[in-house]
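Chemist: Those sequence lines, one after another, are chains A and B. Our numbering puts the first residue of the first sequence at 20, with every later residue one more than the last. Our numbering puts the first residue of the second sequence at 20, with every later residue one more than the last. Where is the CB? At the ideal position from N, CA and C, for every residue including glycine. These numbers come from a predicted model, not from an experiment. Handing you a structure now.
Protein chains: 2
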Amino acid sequence: MGFLCLPSLHRFFSPHPLLCSSFYHPSEARFSLPKLHASLTAREKAAEADEPPPPRSPAAVDRKPLPLHESAVIPRSLDFNAWYLDVVAKAELADYGPVRGTMVIRPYGYAIWEAIQEYLNVKFKETGHSNMYFPQFIPYSFIEKEASHVEGFSPELAVVTIGGGKELEEKLVVRPTSETIVNHMFTQWIQSYRDLPLMVNQWANVTRWELRTKPFIRTLEFLWQEGHTAHASAEEAEREALQMIDVYKKFAYEQAAIPVIAGRKSRAETFAGASCTYTIEAMMGDRKALQAGTSHNLGQNFSRAFETQFTDENGQKQHVWQTSWAISTRFVGGIIMTHGDDTGLMLPPRLAPIQVIIVPIWKKGDEKNGVLDTAASVEEVLKSAEIKVKIDDSEQRTPGWKYNFWEMKGVPLRIEIGPRDVACGSVVVIRRDVLGKVGKEFGISMEPSVLITHVKSRLEDIQSSLLQRATHFRDSHIVDVSSYEELKEAISQGKWARGPWSASDADEQKVKEETGATIRCFPFDQPEGSKTCFMTGNPAGEVAIFARSY
Amino acid sequence: MGFLCLPSLHRFFSPHPLLCSSFYHPSEARFSLPKLHASLTAREKAAEADEPPPPRSPAAVDRKPLPLHESAVIPRSLDFNAWYLDVVAKAELADYGPVRGTMVIRPYGYAIWEAIQEYLNVKFKETGHSNMYFPQFIPYSFIEKEASHVEGFSPELAVVTIGGGKELEEKLVVRPTSETIVNHMFTQWIQSYRDLPLMVNQWANVTRWELRTKPFIRTLEFLWQEGHTAHASAEEAEREALQMIDVYKKFAYEQAAIPVIAGRKSRAETFAGASCTYTIEAMMGDRKALQAGTSHNLGQNFSRAFETQFTDENGQKQHVWQTSWAISTRFVGGIIMTHGDDTGLMLPPRLAPIQVIIVPIWKKGDEKNGVLDTAASVEEVLKSAEIKVKIDDSEQRTPGWKYNFWEMKGVPLRIEIGPRDVACGSVVVIRRDVLGKVGKEFGISMEPSVLITHVKSRLEDIQSSLLQRATHFRDSHIVDVSSYEELKEAISQGKWARGPWSASDADEQKVKEETGATIRCFPFDQPEGSKTCFMTGNPAGEVAIFARSY
């Protein structure tokens, strides 16, 4: 029994009805989705024709290794980008919107975003922030007030010029980020030091007119949270900026099983308008870096531009000290590219919308009720322990098809229940992260306390195993360099290079032009001892990490 | 000791710095916030000058009735609109954005919206819907595909014409609602009857270029959820549309304590593109109607325009049957205008971000620690029972100031704890909905189980009392009419008129022009027996409710 291609997903590869529509500028490339047409199997053809599927042999459940050409996704090693787009489409995470570069986040992809929101929202509140909402339309003149901000953002703006059928007198920017409108409002809410700190957050959509787009990673519109705070002192703002990058780092490690490296951005890579940007950098499966979250110490840059002032304890007017920090739907892309494999998506249990998929198996009609009843009671048991569980009891699909489908979707654990399992009072438990026989445990008792303990412990195993695997992958692809030659060598091998750096912005630019790598960060975690800049031979206070990036 | 005006809120009444900015079209009125300047009290002036507040007499805690001119909000009976804007500002619910007609939802207002989301999100999932996200930019041509849809929405559109510094070849509409883009995507996801029903929802911002705006009630950008479903039969779509209006109705009654009337819209008032619109209509404190939520049976109107088809069980191509349904931040305005009084906001406990405010009271320094410690332990006790509780232990404000402040914010219950209460092991519990001595209970034991039971039961009392009060108010302002004269009389008295109706759309238009009232709905709940249309004398199948509305 060969692999069943996932039916109906080949639609993703159909020429897009709007691709040639008049509003696509020819120079603006759409997501470069490969135009593959998965060939239909006999069973799929039957499904398309709305016939009942042909009968399957019982042995079909034991899948043979998949011939390469029948694989559901292009192998990761063959073409990482095509693999990524395949997973996004076939795991039903996202689809293309009708406007170039926009993305529809499908329910399964959105559920991952909801899990991210759920965790972070609690952490933000615990650290003293309140949610609120700022309008997305910003007067064009606001964007121009902070010099480096306008320089950074003006090429990326979407601009509303018509409202209610009339040409507007002042054009409106669709927010690319909200520092300007936030400061405009802060001036109205902050008078005295007693109004500080002011610490808010919003979950919102933002728009940046990107030319090269990729689902989740870089889209014209995306979802994010943006925190904005105002403080009475530089020290307090710095503490806040550091606190929030630490919240992100813990989230990445503990929830997403992504061993990010936290650190400070170089001047060249600092957010447009910030004094200092902190970042978490993640190594993707192709060893490119992904900036997965940032926290900015804005200093007084915006408060001076907008006159956001307070009266201090001595009755003196002062400009507030500010921070802003964000994580976006890009993080979902980071999860896919960190953990996914040739079988598809692989989700860390703590962020998985479905942690356990139950596949009931029966051959004869008289077995069906017993198997389904048992599956339902196993589902109830796991639900009672707050495990996110689902039964796939569809009769239109075979068990083998379901195995592939839910592995593609990255569900951490599968439970199989057949007539023999019902008789024995036990189930089979299969790990998504350990394919083949090694990941399969037979005869796990259905007795509620035994089953719950077993499933919870396996989910924890998977969670830590994913982190361990990703950490090992990361560490084996970071090279310590002590010369520019060594850096070039490392980058050309697709690795990250870490070395002492105290050279100029111009030198940094030269590295970028010659190798394609940028300084991802000066990591907080620094080696001991004195250092010599690998570029200039001068003393260097810190090591920097260089890599090609998304 | 008189009433302390809430400091810093007078800023809301300062002339807006951007009011005269070039992009405000003179014909487009901003929110008509009255230009009152609350006079500063001695204590406020001290606060502004950052001096310590002057000492207060202990007796200040027992407030005298407030002289009218010192009242925090304009009395509701004097000017309902000004009262509403006052409450929005002084309870810190929302503020004006820099762009005409936009609104900043402040943390306290947003927390009410979060409580609405939390409840509905669970209900939507229980009824089989998944959250997802559609892009907000819609090609202009999409809006034009469904004839009545474009007619309804084109005057209200915000249009992006510039992206990334270039003029766009096709203009993009910022979504006013998503039926068009949803159908575009549904055509790609729906092939067979097995893909149905498809039931999704999104929480999102939407933009409608409204000319007359009012915070929460009608803003240029607002937040909402929009559900979109596709079904294989007309009957199933109709059941879904009815199910969702019922979810809204239950929410309004049980959570918001708003006794809405559910029913069907007249043809003239049906959503642009729908076959039938169901609505919940709420009576505000000024007896105007507020359409608080709608559910549309879209029939095949959009599926025919977008060719959203499926292959049925007989292999025939059919257009899907659809629904859409929405509730928005407008509902927050409905809560304010249903329950608020001259003291400010009054929140139903189930949606209140803070259900209990604890005000510790001490005079001498040596009393302070005991009172604060006791307050903290009472807070812990209530928190352990999942009651939303907060202590206001600020030393810059007097207890009297705090009473006014938290009453203005509509917190359902206040607990006062002074030195004598600490000694007796009891607290004072005060209801927001019953002002004066009647609402005040002394000597409630701090013993955890007693206190929790008492507080929970009082919160339930308030919840049902608010609903009862609003129901009584509603019912005493609906008049049954059997002639047009009676209707005119009722409407001129600011009441709702209910009477049998089978007249024409032209007659409906005539009523609107002559009285300002529209058909709010044909209520589901209909009187028995045969009816005669009060306008034409012809037999009428149903009664309709007429009212002036927001």
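#1: For the putative contact between V106 (chain A) and I355 (chain A), defined by C-beta atoms under 8 angstroms, what is the C-beta separation to the nearest angstrom?
#2: Where does the unbroken beta strand (DSSP E) through C443 (chain B) begin, and where does it stop?
#3: For P575 (chain A), is the classification buried or exposed, using 16 other Cβ atoms within 10 angstroms of its Cβ as the cut-off for buried?
#4: Looking at the ligand ADP, does it come within less than 6 angstroms of Q262 (chain A), judged from the CB to the closest heavy atom?
#5: Ordered along the chain, which non-local residues of its own chain (more than five positions away) have a Cβ less than 6 angstroms from that of V179 (chain A)?
#6: Please confirm whether T121 (chain A) has its beta-carbon closer than 7 angstroms to some beta-carbon of chain B.
#7: Could you give the residue range of the alpha helix (DSSP H) that holds F143 (chain A)?
#8: May I ask you to report which of helix, strand or coil DSSP gives T199 (chain A)?
#9: Compute the Euclidean distance between the alpha carbons of A130 (chain B) and C552 (chain B), then round it to the nearest angstrom.
#10: Are the beta-carbon atoms belonging to A276 (chain B) and Q482 (chain B) less than 7 angstroms from one another?
#11: Thinking C-beta only, is P418 (chain A) closer than 7 angstroms to V378 (chain A)?
#12: What does DSSP give as the partner residue(s) for D360 (chain B) in the beta ladder?
#13: Exposed or buried, A260 (chain B), counting other C-beta atoms within 10 Å across all chains shown (16 or more means buried)?
#14: Go through its chain and collect everything with a Cβ distance to S314 (chain B)'s Cβ below 6 angstroms, but skip five positions before and after it.
#15: Kindly list, in the order they appear in chain A, the residues whose Cβ is closer than 7 angstroms to that of Q155 (chain B).
#16: Would you list, in chain order, the members of the region 333–345 of chain A that have their beta-carbon closer than 7 angstroms to a beta-carbon of chain B?
#17: Between which two residues does the beta strand (DSSP E) containing N316 (chain B) stretch?
#18: Can you give the Cα-Cα distance for L391 (chain B) and K409 (chain B), rounded to whole angstroms?
#19: In whole angstroms, what separates the C-alpha of E47 (chain B) from that of W340 (chain A)?
#20: Of all the CB atoms in chain A, is at least one closer than 7 angstroms to the CB of G182 (chain B)?
#21: Report the option in A:S484, A:V375 and A:A293 whose CA atom is closest to the CA atom of W425 (chain A).
#22: Between the Cα of A166 (chain A) and the Cα atoms of A:K507, A:F321, A:L470 and A:R539, which residue gives the shortest distance?
#23: Are the beta-carbon atoms belonging to F565 (chain B) and G282 (chain B) less than 7 angstroms from one another?
#24: Buried or exposed: S549 (chain B), going by 16 or more other Cβ atoms within 10 Å of its Cβ?
#25: Return yes when the Cβ of R369 (chain B) is within less than 7 angstroms of the Cβ of F235 (chain B), no when it is not.
#26: Hey, Q221 (chain A) and E245 (chain A) are a contact pair by Cβ (cut 8 angstroms); roughly how many whole angstroms apart?
#27: Along the chain, where does the beta strand (DSSP E) containing W515 (chain B) start, and where does it finish?
#28: Could you say which of B:D440, B:M303 and B:R258 lies nearest to G318 (chain B) if we only look at CA atoms?
#29: Leaving out five residues before and five after R49 (chain A) in sequence, what residues of the same chain have Cβ atoms less than 6 angstroms from its Cβ?
#30: Given a cut-off of 7 angstroms on the beta-carbon distance, is the pair V193 (chain B) and Q155 (chain B) in contact?
#31: Output yes or no for whether 7 angstroms exceeds the beta carbon distance between A253 (chain A) and F205 (chain A).
#32: Interface residues of chain A around V453 (chain B) at Cβ under 9 angstroms?
#33: For H491 (chain A), does the three-state DSSP call read helix, strand or coil?
#34: Around the Cβ of H148 (chain A), are there at least 16 other Cβ atoms within 10 angstroms (buried) or fewer (exposed)?
#35: Nearest by alpha-carbon distance to R433 (chain B): which of B:A442, B:V397, B:Q415 and B:Y138 is it?
#36: Below 6 angstroms CB to CB, which residues in the same chain sit around W520 (chain A) once its five sequence neighbours on both sides are set aside?
Modeler: Judging by the given coordinates:
#1: Residue 106 (chain A) sits at position 87 when you count from the first residue of the first sequence. Residue 355 (chain A) sits at position 336 when you count from the first residue of the first sequence. With 8 angstroms as the limit, V106 (chain A) and I355 (chain A) qualify as a contact, their Cβ atoms being about 6 angstroms apart.
#2: Along the second sequence, read from residue 1 onward, the residue named residue 443 (chain B) stands at position 424. Careful: C443 (chain B) lies outside any beta strand (DSSP E), inside the alpha helix (DSSP H) at P438 to C443.
#3: Nothing in the structure corresponds to residue 575 (chain A), since chain A is present only between 20 and 569.
#4: In the structure shown, the ligand ADP is absent, as is every other ligand, since no ligand is present at all.
#5: Here the question's residue 179 (chain A) lines up with position 160 in the first sequence. Here the set comprises L191.
#6: Within the first sequence, numbered from 1, the residue matching residue 121 (chain A) stands at position 102. For T121 (chain A), the answer is yes, since a Cβ of chain B falls inside 7 angstroms of its Cβ.
#7: If you number the first sequence from 1, residue 143 (chain A) lands on position 124. Where F143 (chain A) is concerned, the enclosing alpha helix (DSSP H) stretches over P126 to E145.
#8: Here residue 199 (chain A) corresponds to residue number 180 of the first sequence, with the count starting at 1. Secondary structure at T199 (chain A): helix, using DSSP grouped into helix, strand and coil.
#9: Taking the second sequence and counting its residues from 1, one reaches residue 130 (chain B) at position 111. Taking the second sequence and counting its residues from 1, one reaches residue 552 (chain B) at position 533. As the crow flies, the alpha-carbon of A130 (chain B) is around 46 angstroms from that of C552 (chain B).
#10: Along the second sequence, one-based indexing puts residue 276 (chain B) at 257. Along the second sequence, one-based indexing puts residue 482 (chain B) at 463. Yes. Within cutoff.
#11: Residue numbering aside, residue 378 (chain A) sits at position 359 when the first sequence is read from its first letter. Residue numbering aside, residue 418 (chain A) sits at position 399 when the first sequence is read from its first letter. A contact, by the Cβ cut-off of 7 angstroms.
#12: The count along the second sequence starts at 1 and reaches residue 360 (chain B) at position 341. Beta-bridge pairing links D360 (chain B) to B:G363.
#13: In the second sequence, the residue the question calls residue 260 (chain B) occupies position 241. Looking at its Cβ environment, which holds 16 or more other Cβ atoms inside 10 Å, A260 (chain B) is buried.
#14: As a first step, residue 314 (chain B) is located in the second sequence; it is residue number 295 there, counting from the start. Excluding positions up to five away in sequence, the list reads A260, M263, I264, Y297 and W344.
#15: Within the second sequence, residue 155 (chain B) is the residue found at index 136, counting from 1. N224 and E240, listed in chain order.
#16: G334
#17: For the purposes of this step, residue 316 (chain B) is taken as residue 297 along the second sequence, with counting starting at 1. Segment A308 to G318, the beta strand (DSSP E) holding N316 (chain B).
#18: Along the second sequence, read from residue 1 onward, the residue named residue 391 (chain B) stands at position 372. Along the second sequence, read from residue 1 onward, the residue named residue 409 (chain B) stands at position 390. Going by the C-alpha atoms only, they are around 13 angstroms apart.
#19: Taking the second sequence and counting its residues from 1, the one referred to as residue 47 (chain B) is at position 28. Taking the first sequence and counting its residues from 1, the one referred to as residue 340 (chain A) is at position 321. Unreliable placement is indicated for E47 (chain B), whose pLDDT of 35 sits below 50; the coordinate value is still reported in the next sentence. For E47 (chain B) and W340 (chain A), the distance between alpha carbons rounds to 36 angstroms.
#20: Along the second sequence, one-based indexing puts residue 182 (chain B) at 163. Between G182 (chain B) and chain A, the shortest Cβ-Cβ separation is below 7 angstroms.
#21: Numbered from its first residue, the first sequence carries residue 425 (chain A) at position 406. W425 (chain A) has its Cα closest to that of A:V375, out of A:S484, A:V375 and A:A293.
#22: For this step, residue 166 (chain A) is matched to residue 147 along the first sequence. Selected option, being the one with the closest Cα: A:F321.
#23: On the second sequence, residue 565 (chain B) is found 546 positions in, with the first residue counted as 1. On the second sequence, residue 282 (chain B) is found 263 positions in, with the first residue counted as 1. Cβ atoms of F565 (chain B) and G282 (chain B): not closer than 7 angstroms.
#24: The residue labelled residue 549 (chain B) in the question sits at position 530 within the second sequence. It is exposed - the Cβ of S549 (chain B) has fewer than 16 other Cβ atoms within 10 Å.
#25: Against the second sequence, residue 235 (chain B) aligns to sequence position 216. Against the second sequence, residue 369 (chain B) aligns to sequence position 350. Not in contact: F235 (chain B) and R369 (chain B) (Cβ atoms no closer than 7 angstroms).
#26: Position 202 of the first sequence, counting from 1, holds the residue named residue 221 (chain A). Position 226 of the first sequence, counting from 1, holds the residue named residue 245 (chain A). Going by Cβ atoms, the distance from Q221 (chain A) to E245 (chain A) rounds to 6 angstroms, so yes, they are a contact pair.
#27: One-based indexing of the second sequence puts residue 515 (chain B) at position 496. It spans W515 to P519 - the beta strand (DSSP E) in which W515 (chain B) sits, taken as one unbroken run.
#28: The residue you call residue 318 (chain B) lines up with position 299 of the second sequence. Nearest of B:D440, B:M303 and B:R258 to G318 (chain B), Cα basis: B:R258.
#29: As a position in the first sequence, residue 49 (chain A) is number 30, starting the count at 1. Unreliable positioning characterises R49 (chain A) in this predicted model, as indicated by a pLDDT of 37, which lies under 50. The coordinate reading is nonetheless provided below. Closer than 6 angstroms at Cβ, skipping near neighbours: R119.
#30: Stepping through the second sequence from its first residue, residue 193 (chain B) is reached at position 174. Stepping through the second sequence from its first residue, residue 155 (chain B) is reached at position 136. Result yes, Cβ atoms of V193 (chain B) and Q155 (chain B) sit closer than 7 angstroms.
#31: Your numbering for residue 253 (chain A) matches position 234 in the first sequence. Your numbering for residue 205 (chain A) matches position 186 in the first sequence. No, these two residues do not count as a Cβ contact at 7 angstroms.
#32: One-based indexing of the second sequence puts residue 453 (chain B) at position 434. Simply none; closest approach about 30 angstroms.
#33: Position 472 of the first sequence, counted from the start, is the residue given in the question as residue 491 (chain A). H491 (chain A) falls in the helix class under three-state DSSP.
#34: Reading the first sequence from its first residue, position 129 is the one you call residue 148 (chain A). Label assigned to H148 (chain A): buried.
#35: Against the second sequence, residue 433 (chain B) aligns to sequence position 414. When only C-alpha atoms are compared, the closest one is B:V397.
#36: In the first sequence, the residue the question calls residue 520 (chain A) occupies position 501. Once the five neighbours on either side are set aside, the close Cβ partners of W520 (chain A) are C552, A559 and A563.
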